[in-house]
Amino acid sequence: MTQARLPIDRVSPQDESAVLALNNGHAAELSWLEPERLSFLLAEAFYARRIGALEAFIMTFDQDARYDSPNFLWFRERYPRFVYVDRVVVAGEARGRGHARRLYKDLFDHALRAGQTIVTCEVNAEPPNPASDAFHAALGFVEVGDAVIHGGKKAVRYYSRQITG
Numbered sequence: 003m004t005q006a007r008l009p010i011d012r013v014s015p016q017d018e019s020a021v022l023a024l025n026n027g028h029a030a031e032l033s034w035l036e037p038e039r040l041s042f043l044l045a046e047a048f049y050a051r052r053i054g055a056l057e058a059f060i061m062t063f064d065q066d067a068r069y070d071s072p073n074f075l076w077f078r079e080r081y082p083r084f085v086y087v088d089r090v091v092v093a094g095e096a097r098g099r100g101h102a103r104r105l106y107k108d109l110f111d112h113a114l115r116a117g118q119t120i121v122t123c124e125v126n127a128e129p130p131n132p133a134s135d136a137f138h139a140a141l142g143f144v145e146v147g148d149a150v151i152h153g154g155k156k157a158v159r160y161y162s163r164q165i166t167g
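Below, the structure is given as structure tokens:
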């Protein structure tokens, strides 16, 4: 099996320690998670998938999730139905293989089957993440707002993408 064809599978409880390690290795771009918090979030997730043993993962929530992230709540205040991409991480050694793009495409298909038509996310403005801005623009996301969060420690841009069948 080639690397590009590794399967996309649900994140299972057995994957949690590897997900936690990959997530926390990218805490500057995402946010640090403790094991109990990760377990809670995975239980609330609309869609949580991994590629391979854990070359990449994605975790998303729909509007009904019990989630207190200021970014998620920003979307909840503005959209009656949506899927929020909370985090997408690709391991350093697996970058450039199209994993993030494959995860998003699979998410879009899953969201459509669930009757969703809007996928949302945020990207750091401070500290900046120009690669993520470009990636999301290439996928058809458009900026719909911004905010300063965590007591001024972080600034974000909010993005939305309409999905259709």
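Last residue of the sequence shown: 167 in the working numbering, with the numbers rising by one and none dropped. Just so it is clear, CB atoms sit at the ideal spot from N, CA and C, and this is done for glycine as well. Just so it is clear, the structure is predicted and the values come from calculations on it, not from any experiment.
If you drop the 5 nearest sequence neighbours on each side, which residues of the same chain put their C-beta closer than 7 angstroms to that of residue i?
i      : result
Glu128 : Lys156 and Ala157
Arg78  : Gln65
Arg7   : none
Asp17  : Arg52 and Leu56
Ala96  : Glu57 and Ala58
His112 : Tyr49
Ser41  : Glu18
Leu22  : Leu35, Pro37 and Leu40
His138 : Cys123, Val125 and Tyr161
Val13  : Val21, Leu44, Ala50, Arg51, Arg52 and Phe59
Is the beta carbon of residue j closer than 9 angstroms to that of residue i?
i      : j      : result
Gly142 : Gln164 : yes
Ile60  : Tyr69  : no
His152 : Pro37  : no
Pro15  : Leu44  : yes
Leu24  : Ala133 : no
Please work out which residues of its chain come closer than 6 angstroms, Cβ to Cβ, to residue i, disregarding the five sequence neighbours upstream and downstream, and give them in chain order.
i      : result
Thr4   : Confidence in Thr4 is poor, its pLDDT being 46 and thus under 50, which makes the residue's placement unreliable; the coordinate value appears in the next sentence. So no residue of the chain qualifies.
Ile10  : Arg51, Ile53 and Asp108
Asp135 : Val125
Val87  : Thr62 and Cys123
Rounded to whole angstroms, how far is the Cβ of residue i from the Cβ of residue j, which I believe are closer than 8 angstroms?
i      : j      : result
Val121 : Leu109 : 7 angstroms
Ala102 : Val90  : 5 angstroms
Ala149 : Trp76  : 6 angstroms
Between residue i and the rest of its own chain, which residues show a CB-CB distance below 8 angstroms, the 5 nearest in sequence each way excluded?
i      : result
Gly167 : Leu114
Asn131 : Glu31 and Val125
Glu46  : Phe63, Ala67, Arg68 and Tyr69
Glu145 : Arg159, Tyr160 and Tyr161
Asn26  : Trp34 and Leu35
Please confirm whether residue i has its beta-carbon closer than 9 angstroms to some beta-carbon of chain B.
i     : result
Glu31 : Of the chains in the structure shown, none is chain B; there is only one protein chain.
So is the beta-carbon of residue i under 8 angstroms away from any non-hydrogen atom of the ligand FAD?
i      : result
Leu141 : Absence of the ligand FAD is noted for the structure shown, with no ligands found whatsoever.
Validate contact between the region 51-69 and the region 108-120 using beta carbons, cut 8 angstroms, 3 pairs: yes
Jot down the residue ranges of each uninterrupted beta strand (DSSP E) in the region 70-152, minimum 3 residues, whole runs only, in chain order. 85-92, 120-128 and 144-151
Every unbroken alpha helix (DSSP H) within the region 10-69, with a cutoff of 4 residues, ordered by chain: 18-26 and 37-46
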